[in-house]
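Trainee:
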Amino acid sequence: MATSSVRKEEVVGEEEKEEEEDGNADSGGSWRLIGRASELSGRPCCVLYSPLGRDRDVGLFHVRGEFFAMDARCSHSGGPLCDGDIEDTNGVLQVFCPWHDYDFNLKTGKSGSGLQQEVYEVKLQDSCVYVKHTSPLSLKPFPAVKKS
Ligand code: FES
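Heads up: the sequence shown begins at 1442 in this note's numbering, then just goes up one per residue.
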């Protein structure tokens, strides 16, 4: 487990083993340590890269002191949701896709268009942010794998 002296690069992508052992790995993934909340809260969204490809990248949003995670690519045509505007519509936080302006509820992933964006659980523990996901996640892109 990360300690306060662990650098950000060292903790990113780690997996919290306790959760796997108690069976949560079968219910949609494992808790992935992303980094310190203080370092992740400085911008409204950052991309968490997956080694499984761009379609599995996650957007980690930070709005009004709360973190939300959803697929980074819009379920309509793949727009970059991290670049979208975030608005409060009658108490509902939504991100608007920069490509065609579809809205997505940050908590539920639902859109007024009828589309559903995949969302992921986020937790704060020991001042660190964790996202529950089936693959490792990193603030830096994974090296491309050459196909033979
Ligand atoms: S790609 Fe996002 S609304 Fe079209």
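We put the beta carbon where it would ideally sit given N, CA and C, even for glycine.
With hydrogens ignored, establish whether the beta-carbon of G1519 is closer than 7 Å to any heavy atom of ligand 3.
Mentor: Looking for ligand 3 in the displayed structure turns up nothing; the ligands present are ligand 1.
Trainee: State the Cα-Cα distance for the pair K1458 and G1476, rounded to the nearest angstrom.
Mentor: The residue you call residue 1458 lines up with position 17 of the sequence shown. The residue you call residue 1476 lines up with position 35 of the sequence shown. Since pLDDT at K1458 reaches only 43, below the 50 mark, its modelled position is unreliable, and the value read off the structure follows with that caveat. Going by the C-alpha atoms only, they are around 16 Å apart.
Trainee: Quick check: is any heavy atom of ligand 1 less than 7 Å from the C-beta of Y1486?
Mentor: The sequence position of residue 1486 within the sequence shown is 45, counting from 1. According to the sequence displayed, residue 1486 carries Cys and not Tyr. No, since every heavy atom of ligand 1 falls outside the 7 Å radius drawn around the Cβ of C1486.
Trainee: Measure the C-alpha to C-alpha separation of D1544 and F1502 and round it to an integer number of angstroms.
Mentor: Locating residue 1544 in the sequence shown gives position 103, where the first residue counts as 1. Locating residue 1502 in the sequence shown gives position 61, where the first residue counts as 1. Each residue's Cα considered, the two are about 15 Å apart.
Trainee: By DSSP, does E1528 sit in helix, in strand, or in coil?
Mentor: Here residue 1528 corresponds to residue number 87 of the sequence shown, with the count starting at 1. It is a strand residue.
Trainee: Is the number of C-beta pairs between the segment 1521-1540 and the segment 1567-1577 that are closer than 8 Å three or more?
Mentor: Touching, no, given that fewer than three Cβ pairs across the two stretches are closer than 8 Å.
Trainee: Quick check on the DSSP output: the alpha helix (DSSP H) that includes S1479 runs from which residue to which?
Mentor: Start at 1 with the first residue of the sequence shown, and residue 1479 comes out as number 38. First-last of the alpha helix (DSSP H) with S1479: A1478 to L1481.
Trainee: Tell me the rounded alpha-carbon separation between K1573 and R1484.
Mentor: Position 132 of the sequence shown, counted from the start, is the residue given in the question as residue 1573. Position 43 of the sequence shown, counted from the start, is the residue given in the question as residue 1484. Their Cα atoms are separated by approximately 21 Å.
Trainee: What is the rounded straight-line gap between the Cα of D1463 and the Cα of L1534?
Mentor: Sequence index remark: in the sequence shown, residue 1463 carries index 22 (1-based). Sequence index remark: in the sequence shown, residue 1534 carries index 93 (1-based). Note that D1463 has pLDDT 36, beneath the 50 cutoff, so the model's placement of it is unreliable and no number is given.
Trainee: Taking the continuous beta strand (DSSP E) assigned at E1507, which residues delimit it?
Mentor: Locating residue 1507 in the sequence shown gives position 66, where the first residue counts as 1. First-last of the beta strand (DSSP E) with E1507: E1507 to D1512.
Trainee: Our contact map puts D1496 next to R1514 with C-beta atoms below 8 Å; I'd like the distance itself, whole angstroms only.
Mentor: To locate residue 1496, count along the sequence shown from 1; it is residue 55. To locate residue 1514, count along the sequence shown from 1; it is residue 73. Indeed, because the Cβ distance is near 6 Å, the residues count as touching under 8 Å.
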